[in-house]
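Quick note, the sequences are listed as chains A and B, same order. Our numbering applies: residue 102 is where the first sequence begins, and numbers increase by one. Our numbering applies: residue 728 is where the second sequence begins, and numbers increase by one. The beta-carbon is built from N, C-alpha and C at its ideal position, and this holds for glycine as well.
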Amino acid sequence: MTVNIDELKDILLKVEKPSRYTGGEYGEVKCPPSPFYFCMAFPDLYEVGMSNLGIKIVAESFIKRGYAADYCFAPYTDFGDAIKAAGVPLYSLALKKPLAEFDMIGFSLQFELCYTNLLYMLDLAGIPLRRADRAGKKYPVIAVGGPCAVNPEPLADFVDIVFIGDGESVDADVAGIYLECGGATEEFYRRAAELEGVYVPALMEVKYDKEGHICGFESNFKPRRAIVCDLDNAIFPSSQPVPNCESVFDRSIIEVMRGCYRGCRFCQAGFIYRPVRQRSVETLTRQACSLIASTGYDEVSLNSLSTGDYPHLRELLRSLKGSLPEGVTLALPSLRVDSFDSEFAQDARKISLTFAPEAGSQRLRDVINKDITEEEILSAAESAFDIGYSAVKLYFMLGLPTENDDDLKAIRRICDLIKSAYGRKKRAKSLRISVSVSTFIPKPFTPFQWEAQCTGEEVERKQNILKQTLYIKGVTLSWSDYFTSRLEAVFARGDRKLAPVLERAYRLGCRFDGWTKELKKDLWEQAFEECGVDPGIYTRERGTDEILPWDFIDIGIDKKFFARERQRAYSGVVTGSCKNACSGCGLQKKCPAARGEI
Amino acid sequence: MIAFKYTKTDGAEYLSHLDLLRHIYRTMRRADIDVAYSGGYHAHPRIFLNNPLGTGIKSVAEYGAVESTFAGDFMEAFNSRSPDGVKVTKWAYVKENPNYANCIVKCTYTAEGIQPFDIDNFLSEKSIVITDLRGREVDIRPRIYTVERRGDRLLFTLGCGENNLRPDLFCSYLEKRFGGHAEDIIKTASIMSGDEFV
C-alpha cells in the first residue's frame, strides 16, 4: 500500500510548509523492489532532520547492500493531528509507504528531548508503543541509534534493538541476519545481540535492591560500542536529497574527523566518539566536489567536533579551493578565521564570530578541561575585527561543578576585553556581543557523570547574577530554560523506571519538548507525579559505588579513567589534548593518536 | 538571456515561491548552467519568475527567465538535473528580460468537481462580491474573463498580476454557490500582453 499525496490535498493546504510531507526532493532515494525495507526515522522536523549527516550515512549503508532505505521525519503537530484524525498512517517520504509496512524502523536519537516524538511517530504509524504489546505480531523491528543510544534505558521498554556507536556497518548487518532468520524471531535477536554495536533490551534484566537502586544486570550479552576504524574508507553518501524547503543547515556537509582530541570534561561527544579518526585531504576533496555537483549547494561546511584541530586544515582548504567550482564558500571555525581569511572566500555576509569558552574564569576552564584561553579568543577576535567582523557570540555554561559566583562574574571580564580590543581602532559598525548561557547537564560516559545538576533556585540565583553583571551596552544575554535542561538531565541519566513517565507524558500531549513553544511543563510535572517518580532522583549526585544505569554498556573507555578525570577536575588540573600525550582512557589499542599517528 | 516555460506539478505545487526559486537556482548549478549575479553587497542570482502561484495549485504554464551565457540545449540540461515536478517544456534566447511577473495579465485554469451551473447566466451578472483571504469585500466579476465547461472539467480564465484572482478562491466561491468540491486545479495557460518569447 502507498499513500497518495493528491488525496491529502485538503490537509496539505491547511498546514505550515506542506512541502515537508510531499517528498519529491531532487536526489531522493529511488528504491527498486528489495528483500528488506529500512525506514530511517528522525524524531524532529523535516528541516532539522534533512540537515543531519548521520542519518544519510546510515541510509546509504543499507542502500549499498541492496536494501531499500527511505526517510521519515516527525510531522509538525498540525499535520500529525490532521492525518491521525483522517486515519492516514504516517508514511515514508519517497516511497509513501506506511511505516508499519517496513521491516525495520531506525530512529536517530540526537538529544533526549526527542523521546516523546519517537512515541508520537510510532503512534501515528499505528504501531503499539511498548515492545510487549507488539510481541508475536507482525510489526517492524523498532531500532534506535545516535548519541543518546549510549544510555538507551529510558527507552528500553519501547524499542527492540539499540545500535550503539558508529552506524556505518552494523546496522545493515542486522538486516542480513533478519533475512536469514526469516524475520524478527528469537534466533534473530540472539544473533543480533552478539554483534559489536548491538544491544537487545529484551535480553537483559535489570536487578534492583530493596531501596529500588540497581544492583545488577542479568544477561548473556555484553553490549559494546561499534567503532569504525578506517573512516577514510567508510561509507559516505556521495549524493544526498536536497530538501524541498529551507533546512537549518542548508549546505553540503563533509565530516573531516570523528572524535575530539580535547576531552572537555562536560562533553559527552568528546568521549563517546573516541578515538579521533580522520579523513584524508583527497577523500574529503572528492566528497565535497561530488556533493556540490550533485546537490547544487554553494556552501560546504567542514564538520567535526573541533575542525581547528584537523592537522591538515591548510592543505585541505587549498585543495578544496583548487577543486570546487568558483563561488563556493567554506564555513570555517571561528578560532582559525584570522589565519585563513586572506586566502579563502567565506560567505561575505558572515560577520559574526562564535567562541565557546564555556566558563568565565581560567580556574573553572581548568576544572572542565576547556583548553581555550582569553589570549586566544582575543587574538582571533582582533584580527577578525580588522577584516570586518563586528559581532561575537559567546557560549557559556552555568552550574558547572565547583562553580562559584566569581566564576560567573568573570564572564563580564571577557566581554570587556573584547570590547576594548574592538575599540582600539576606529571601526565602521558598533560591536555586538551576544552571551548565551545554558545550564550544565551531567551526561553518562563523562567525568561528570556522577555530578548533581543545579536546582532551580540555584540556577535562578546564578542567572540573576549574570543579568546584573552583564547589563552593559552592546551585550545581549540569553539563557536556556531551566525546565528544559532538567528534563534533558533526567532522561540523559535515566533508567527503565522512566518508561511509564515518558508514555504518560506523551498520552497527556507532550511532544516536540525541545521546542520552547511546544514544551508543556505542567503536563510533564503531572506525568511524573501520576507515575510516582521523583525527577530529583535522577538529577542528584550519584555515589561512586553506585551501579549506574548505563554501566552495562562497554563504550571502550574505563570507568576508572572517568573517576580519575573527575578528581583532576576537582584539583583544577588540565589533561592536555590527546595530540600531545595519551592519557590512557582505555582505547589505546584502537587510537591512532595513541600510536603517534596524527 | 534565456526565457523558459516550466511545470509545477508532482508535489512541486506545494513548494513556496522562495523555495521554488532556490530549486531552480540549484538545478542550474547542478546542470552547469551559469547564472549571472546582481551587483551589490547582497548579490542574488538573476533568475526571474512569474507571479507566485497559490500553494497547492499545479501548473503546466509557468514562465521564468535567467541571465546566462549557457550555449547548449537548455531544456535537456535543466530537465536532467531538476526535481520531478519542475520541468522545462519550452525555451528560447531572448534579448531582454521579458518580465513575466508584469506581462502575464490573465491565466487559464481547469478544475474538476464543481457542480454544473448555468454559465451564461453567471457571466451576465454585473458584480460578484466575495470576502477575500484578508477579510475584505471584493467584486471579482471584472477579474473573470471566460468560464466554459469541457466534459468533467471547468475551464476558466482569471486576471493575474494587478488584477489577480486566485483560482482556489474562485473555486471555493463556486462550490459554495453551486455545490461540489474542486479537485485538481491546474493552470494550463498564461496569457501575456505581448509575445511569449521576444
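Could you tell me whether the Cβ atoms of methionine 141 (chain A) and alanine 170 (chain A) are closer together than 8 Å? Translated into positions along the first sequence, residue 141 (chain A) becomes position 40. Translated into positions along the first sequence, residue 170 (chain A) becomes position 69. Closer than 8 Å, so yes.
Delimiting residues of the alpha helix (DSSP H) encompassing tryptophan 625 (chain A): As a position in the first sequence, residue 625 (chain A) is number 524, starting the count at 1. Residues 622-631.
Give me the chain B residues within the contact set of valine 53 (chain A), using Cβ-Cβ distance strictly less than 7 Å, ordered along the chain. In the structure as shown, chain A begins at 102 and stops at 699. Residue 53 (chain A) is therefore absent and cannot be evaluated.
Rounded to whole angstroms, what's the CA-CA distance from leucine 776 (chain B) to serine 402 (chain A)? Just pull it up for me. Here residue 776 (chain B) corresponds to residue number 49 of the second sequence, with the count starting at 1. Here residue 402 (chain A) corresponds to residue number 301 of the first sequence, with the count starting at 1. Rounded to whole angstroms, leucine 776 (chain B) to serine 402 (chain A) spans 30 Å at the Cα level.
Simplified DSSP state of serine 765 (chain B), which is helix, strand or coil: For the purposes of this step, residue 765 (chain B) is taken as residue 38 along the second sequence, with counting starting at 1. Here serine 765 (chain B) sits in coil by DSSP.
Compare the C-alpha of alanine 394 (chain A) against each of A:Ser531, A:Asp145, A:Val429 and A:Tyr138 and name the closest. Within the first sequence, residue 394 (chain A) is the residue found at index 293, counting from 1. With distances taken between Cα atoms, alanine 394 (chain A) lies closest to A:Val429.
Can you say whether glutamine 689 (chain A) is buried or exposed, counting buried as having 16 or more other CB atoms within 10 angstroms of its CB? By one-based count along the first sequence, residue 689 (chain A) stands at place 588. Exposed, because fewer than 16 other Cβ atoms sit within 10 Å of the Cβ of glutamine 689 (chain A).
Three-state secondary structure (DSSP) at glutamate 789 (chain B)? For the purposes of this step, residue 789 (chain B) is taken as residue 62 along the second sequence, with counting starting at 1. If DSSP states are grouped into helix, strand and coil, glutamate 789 (chain B) belongs with the strands.
Output needed in chain order: residues of the stretch 167-200 of chain A with a Cβ under 9 Å from some Cβ in chain B. none
Residue span of the beta strand (DSSP E) that contains phenylalanine 143 (chain A), given as start and end: In the first sequence, counting from the first residue as 1, residue 143 (chain A) sits at position 42. Its beta strand (DSSP E) spans residues 138-143.
Suppose you measure from the CA of serine 120 (chain A) to the CA of glycine 812 (chain B); what does that come to, to the nearest Å? Mapped onto the first sequence, residue 120 (chain A) falls at position 19. Mapped onto the second sequence, residue 812 (chain B) falls at position 85. Straight-line Cα distance between these residues: approximately 12 Å.
Count the other CB atoms, across all protein chains shown, that sit within 10 Å of the CB of serine 569 (chain A); report buried if there are 16 or more and exposed otherwise. The residue labelled residue 569 (chain A) in the question sits at position 468 within the first sequence. Per the sequence shown, residue 569 (chain A) should be read as glutamine rather than serine. Burial call: exposed.
Can you check which of these residues, A:Glu288, A:Ser424, A:Pro338 and A:Ala183, is closest to lysine 165 (chain A) by C-alpha distance? Against the first sequence, residue 165 (chain A) aligns to sequence position 64. Closest by alpha carbon: A:Pro338.
Which chain A residues sit within Cβ distance under 8 Å of alanine 798 (chain B)? Residue mapping note: residue 798 (chain B) aligns to position 71 of the second sequence, counting from 1. Correct list: empty, because the minimum Cβ distance to chain A is about 18 Å.
Checking the sheet assignment: what are the DSSP bridge partners for valine 493 (chain A)? In the first sequence, counting from the first residue as 1, residue 493 (chain A) sits at position 392. Per DSSP, A:Leu454 and A:Ile534.
Between the stretch 529-543 of chain A and the stretch 574-585 of chain A, can you find at least three pairs of beta-carbon atoms closer than 8 Å? yes
Count the other CB atoms within 10 Å of the CB of valine 856 (chain B); is the residue buried (16 or more) or exposed (fewer)? Within the second sequence, residue 856 (chain B) is the residue found at index 129, counting from 1. Answer is exposed; the Cβ neighbour count stays below 16.
Quick one: what's got a C-beta closer than 6 Å to isoleucine 920 (chain B)'s C-beta in the same chain, skipping five residues either side? Residue numbering aside, residue 920 (chain B) sits at position 193 when the second sequence is read from its first letter. In the sequence as presented, isoleucine is not what sits at residue 920 (chain B); that position holds serine. Cβ neighbours of serine 920 (chain B) beyond the five flanking positions: Cys830 and Val832.
By the criterion of Cβ-Cβ separation under 8 Å, what are the contact partners of isoleucine 106 (chain A) in chain B? Numbered from 1 along the first sequence, position 5 holds the residue referred to as residue 106 (chain A). Ordered by position in chain B, the residues that pass the 8 Å Cβ test against isoleucine 106 (chain A) are Gly738.
Cβ-Cβ distance between methionine 305 (chain A) and phenylalanine 318 (chain A) below 8 Å: Translated into positions along the first sequence, residue 305 (chain A) becomes position 204. Translated into positions along the first sequence, residue 318 (chain A) becomes position 217. Yes.
Where the beta strand (DSSP E) through alanine 730 (chain B) begins and ends: On the second sequence, residue 730 (chain B) is found 3 positions in, with the first residue counted as 1. Run containing alanine 730 (chain B): 729-735, per the beta strand (DSSP E) assignment.
Serine 209 (chain A) versus phenylalanine 592 (chain A) - alpha carbon distance: Within the first sequence, residue 209 (chain A) is the residue found at index 108, counting from 1. Within the first sequence, residue 592 (chain A) is the residue found at index 491, counting from 1. Near 16 Å, if we compare the C-alpha coordinates of phenylalanine 592 (chain A) and serine 209 (chain A).
Measure the alpha-carbon distance for valine 307 (chain A) versus phenylalanine 653 (chain A) and round it to whole angstroms. Taking the first sequence and counting its residues from 1, the one referred to as residue 307 (chain A) is at position 206. Taking the first sequence and counting its residues from 1, the one referred to as residue 653 (chain A) is at position 552. Looking at the two C-alpha atoms, the distance is approximately 10 Å.
Within the continuous beta strand (DSSP E) that includes cysteine 830 (chain B), where are the two ends? Start at 1 with the first residue of the second sequence, and residue 830 (chain B) comes out as number 103. Here cysteine 830 (chain B) belongs to no beta strand (DSSP E); instead the alpha helix (DSSP H) covers 827-830.
Among B:Leu882, B:Asp759, B:Arg868 and B:Lys822, whose alpha-carbon lies nearest the alpha-carbon of asparagine 890 (chain B)? The sequence position of residue 890 (chain B) within the second sequence is 163, counting from 1. Cα-wise, what sits closest to asparagine 890 (chain B) is B:Arg868.
Just verifying my parser: in three-state terms, what is the DSSP assignment at threonine 178 (chain A)? For this step, residue 178 (chain A) is matched to residue 77 along the first sequence. Correct three-state label for threonine 178 (chain A): helix.
Do glycine 298 (chain A) and phenylalanine 264 (chain A) have their C-beta atoms closer together than 8 Å? As a working mapping, residue 298 (chain A) is identified with position 197 in the first sequence. As a working mapping, residue 264 (chain A) is identified with position 163 in the first sequence. Result yes, Cβ atoms of glycine 298 (chain A) and phenylalanine 264 (chain A) sit closer than 8 Å.
For my contact list, phenylalanine 367 (chain A) and isoleucine 469 (chain A) are in at a C-beta cut-off of 8 Å; report their separation, rounded to the angstrom. Start at 1 with the first residue of the first sequence, and residue 367 (chain A) comes out as number 266. Start at 1 with the first residue of the first sequence, and residue 469 (chain A) comes out as number 368. With a Cβ gap of about 5 Å, phenylalanine 367 (chain A) and isoleucine 469 (chain A) count as contacting.
How would you write the range of the alpha helix (DSSP H) that glutamate 312 (chain A) sits in, first residue to last? As a working note, residue 312 (chain A) is residue 211 in the first sequence. Here glutamate 312 (chain A) belongs to no alpha helix (DSSP H), and DSSP marks it neither H nor E.
In the DSSP output, what is tryptophan 655 (chain A) paired with across the bridge? Indexing the first sequence from 1 puts residue 655 (chain A) at position 554. Correcting the residue type first, residue 655 (chain A) is aspartate in the shown sequence and not tryptophan. A:Arg325.
Three-state secondary structure (DSSP) at glutamine 668 (chain A)? Taking the first residue of the first sequence as 1, we reach residue 668 (chain A) at position 567. Three-state DSSP puts glutamine 668 (chain A) in a helix.
Residue environment, methionine 102 (chain A), which counts as buried when at least 16 other CB atoms sit within 10 Å: On the first sequence, residue 102 (chain A) is found 1 positions in, with the first residue counted as 1. By the neighbour-count rule (16 or more Cβ atoms within 10 Å), methionine 102 (chain A) is not buried but exposed.
Is threonine 286 (chain A) buried or exposed, if buried means 16 or more other CB atoms sit within 10 Å of its CB? Here residue 286 (chain A) corresponds to residue number 185 of the first sequence, with the count starting at 1. By the 10 Å Cβ count, threonine 286 (chain A) comes out exposed.
Write down every uninterrupted run of the beta strand (DSSP E) in the stretch 197-247 of chain A whose length is 3 residues or greater and which is fully enclosed by it, in chain order. 205-209 and 242-246
Test item: CB-CB of methionine 728 (chain B) and asparagine 824 (chain B) under 8 Å: Here residue 728 (chain B) refers to the residue found at position 1 when the second sequence is read from its first residue. Here residue 824 (chain B) refers to the residue found at position 97 when the second sequence is read from its first residue. Taking 8 Å as the Cβ cut-off, methionine 728 (chain B) and asparagine 824 (chain B) qualify as a contacting pair.
Considering only their Cβ atoms, is the gap separating alanine 606 (chain A) from tryptophan 625 (chain A) smaller than 8 Å? Residue numbering aside, residue 625 (chain A) sits at position 524 when the first sequence is read from its first letter. Residue numbering aside, residue 606 (chain A) sits at position 505 when the first sequence is read from its first letter. Their beta carbons are under 8 Å apart, which means tryptophan 625 (chain A) touches alanine 606 (chain A) by this criterion.
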